[in-house]
Every structure is written in C-alpha cells, then in structure tokens.
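Trainee: Taken in order, the sequence shown gives residues 31 to 361; the numbers are from my numbering. Heads up, the beta-carbon is just placed ideally off N, CA and C, and yes, glycines get one too. My questions all concern the structure below.
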Amino acid sequence: MKIAVTSSSPAAKRGTTNEEAYRLYLQGMYLYEKRNLADARKGVEVLAQAVRLDPNYARAWAGKAHVHRAVANHGRSTNIHEEYQKSIEAINKALALDENLADAHSALCDNKMYYEYDFAGAERECKRAIELDLNSSLAHQIYARYLNSRGRPDEAIAEIKTASDIEPASLYHQRVYGTCLYFARRYEEAVTQFKRVAAMDENFSSTYTFLIPTLEMQGNYSEAFEWFMKLLALQKADEETVRAFQTAFQTSGWQGVLRERLKRFDQGDEAYFQGATYSAQAGNKDKAFEYLEKSYQRRELWMANLQVDPRLDVLRDDPRFDELVRRVGLK
C-alpha cells in the first residue's frame, strides 16, 4: 500500500495556487449543492472558468464532473447522454492529474450507477473514494444513494448519517437522509426529517419531491396536498394551474391530483419516471410502463431505484417489471 506524502500548506489543501480558481471552485460546488437545474448549469460555467484559470486543478475537474451529473438529473429538457460524456471527460482529466482524488472516484461511482447501470463498478468506485478520503461527506452520501438502489437500507442510513455528521449544514445530505428513510419505508421518520430540511430552507425544492410521496404512502393525502400547494407556489405556478389542482382535490381527492398531474405531464418537464409513478398510483399500468421505458431510454437516474420505490409496488407482479429490472442490471 502506497502512502501519499501531502503538504499542509494552504495551496496543497486547496489543490491550486490560483486564488481565483479556488474561489470559483467553491462557488461552483455551492451551486451544485442547490440541486436545481438553473444553479447546476451556472455551476458548470463557473467550474469551467476555474479549470481555464488552472488546467491542472484536479479537484475543480472532479467538481465539474459532479455538476454535469447534476444537470443530467433534472427534467426532460436536458440531454443526459451529452452530460454523461462531459462528466466522464472531466473525471478522466481529474484522474490523469491525481489518480487518488476521492471526488473523482465518487463522480465515477455516480455515473456508473445512474448512467452505465454498472452497479458492481459503482460500488467499487464508491468504496475507493471513501478509502482515499474517509472524511469526504460527498463520497459517503453517494455511497448511501448506491446502497438505497441495492435495497440495503440499514447500510444506506449509516452512510448518510456519516455524511451528515461530517457536513451537518449540507441541505442535500439532510434531504438524502430523509430519502434513505423513505426507501426503508420508515415513513414517519422520513416525514420528520423532510420537514426538518424544509424548516432549514423552505425554498429547497428537492425536499418537496420526496416529502409529498412520503405523505402519500402514509395515506395522509390532506397534508400531501398542502405541501403540493407549497411546491406550486415555489414553482410560481399560474392561477389557472393552482385552481385546477384545488378543484381536482376537492372533487376527487388525491386521485384527482394524480390525474391532473398526468393530464399536464406531457407539456411539462418532469422526468418520465415521475410520470410512471403518477400512472401507477392512478391505476394505469400500461401508461406507467410506457413512461418507464422512456425513462430507461433516457438513462434517468430514478431508474436505479426501480426495485425500491414504493410508488411502483402495484407494478411488481407484472412480468414487464421483472424484465425492466433485468435490463437495468438490478438483477
């Protein structure tokens, strides 16, 4: 085993002697943490500036890889295949400069898990990242997401707790903690955690994405609708949209909301996987499988959670589901 000799100088810790490149790196990773498409795209631009200033800045290349991955994770308007290629290119740059950079290995884990569907390779890269930097909260968080996808909830919760202990101020780590509880079907604890994150920052929309279905899984449709209304306000939905959903809930309950979401789905930008969950919950299995196939073709990250997402439970006895699980490489 090789022991790397490191310097304790500020430049060594930062990975660059260029102050502006370092500032841009921090700004880019801050934008990455926001976990929305607009900020992720800004993050790519900022990190591109950082590596232009210092082309040998391995950590900034790794950061750029992570942010391209974040862009790929949003909506249907992004070109996932293109973002994957850009992420891999940045990873290769980072590893050519420093093959022992934990952030580069965790970015590779992310891509293997969510795009290549190489789950064995993903676990190797996640473990390598943690081995290289035990204090990398990002490495622990990504490994937690991997463990979620593999149906290993107790291990996932342990990993995300470690990530949160290392970096307790990270909203995304805290949100992923809630997600781990959700996939473990510990709904009451998940709701408490998501509400804690919402209290930290009510504008962090990523929280609502999972809080609403968690309440749905509990059968707490009234509160799910309250949070859905908050999400629409956060998204600056127009009055017609808000009224349509209010009417749908008043007349047909949560099923009415699901049908309204499906009616508007093709004109929106949500991931196809989400359309599949709405269809499954609304009882339209054929439409659910149609959206899942589109999600698979696009390589949406959600497909990695195919086996564990409770919203798809109604599909699991259908042979088409087993076939899809096999194609994704989860069996």
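Please list, in chain order, all residues of the same chain as residue 33 whose beta carbon is under 8 Å from its beta carbon, the five residues on each side excluded.
Mentor: In this prediction, residue 33 has a pLDDT of 28, which is less than 50 and means its spatial position is unreliable; what the coordinates show is noted afterwards. Around residue 33: no qualifying Cβ.
Trainee: Inspect the beta-carbon positions of residue 358 and residue 147 and report whether they are closer than 8 Å.
Mentor: yes
Trainee: Alpha helix (DSSP H) containing residue 255: first to last residue?
Mentor: 251-264
Trainee: Going by C-alpha distance, which of 184, 226, 46 and 284 is nearest residue 312?
Mentor: 284
Trainee: Quick check on residue 133: buried or exposed, where buried means 16 or more other Cβ atoms within 10 Å of its Cβ?
Mentor: buried
Trainee: Between the stretch 285-294 and the stretch 304-319, can you find at least three pairs of beta-carbon atoms closer than 8 Å?
Mentor: yes
Trainee: Starting from residue 76 and walking both ways along the alpha helix (DSSP H), at which residues does that stretch end?
Mentor: 67-83
Trainee: Going by C-alpha to C-alpha distance, which of 320, 203 and 61 sits closest to residue 166?
Mentor: 203
Trainee: Please list the segments of the beta strand (DSSP E) lying wholly inside the stretch 306-349, counting only runs of 3 or more residues, in order along the chain.
Mentor: none
Trainee: Roughly how many whole angstroms lie between the Cα atoms of residue 192 and residue 168?
Mentor: 10 Å
Trainee: Could you give the distance in angstroms between the alpha-carbon of residue 31 and the alpha-carbon of residue 266?
Mentor: Reliability fails at residue 31, whose pLDDT of 29 lies under 50, so the model's placement of it is uncertain and no value is given.
Trainee: Buried or exposed: residue 38, going by 16 or more other Cβ atoms within 10 Å of its Cβ?
Mentor: Here the model assigns residue 38 a pLDDT of 40, short of 50, so the residue's position is not dependable and the matter cannot be decided.
Trainee: Short of 8 Å in beta carbon distance, which residues of its chain neighbour residue 108, apart from the five on each side in sequence? Order them along the chain.
Mentor: 67, 101 and 102
Trainee: Using 10 angstroms around the beta-carbon of residue 222, count the other beta-carbons present and answer buried if the total reaches 16, otherwise exposed.
Mentor: exposed
Trainee: Mind checking which residues open and close the alpha helix (DSSP H) that includes residue 177?
Mentor: 167-179
Trainee: Does the separation of the CB atoms of residue 201 and residue 227 fall below 8 Å?
Mentor: Yes, the Cβ-Cβ distance between residue 201 and residue 227 is below 8 Å.
Trainee: Here's a check: name, in chain order, each residue in its chain whose Cβ is nearer than 7 Å to the Cβ of residue 138, leaving out the five neighbours to either side.
Mentor: Here the set comprises 121 and 155.
Trainee: If you reduce the DSSP assignment to three classes, tell me which class residue 293 lands in.
Mentor: helix
Trainee: Looking at the structure shown, is residue 40 part of a helix, part of a strand, or coil, going by DSSP?
Mentor: Residue placement at residue 40 is poorly supported in this model, since its pLDDT is 46, which falls under 50; the coordinates still yield a value, given next. Annotated three-state conformation of residue 40 is helix, per DSSP.
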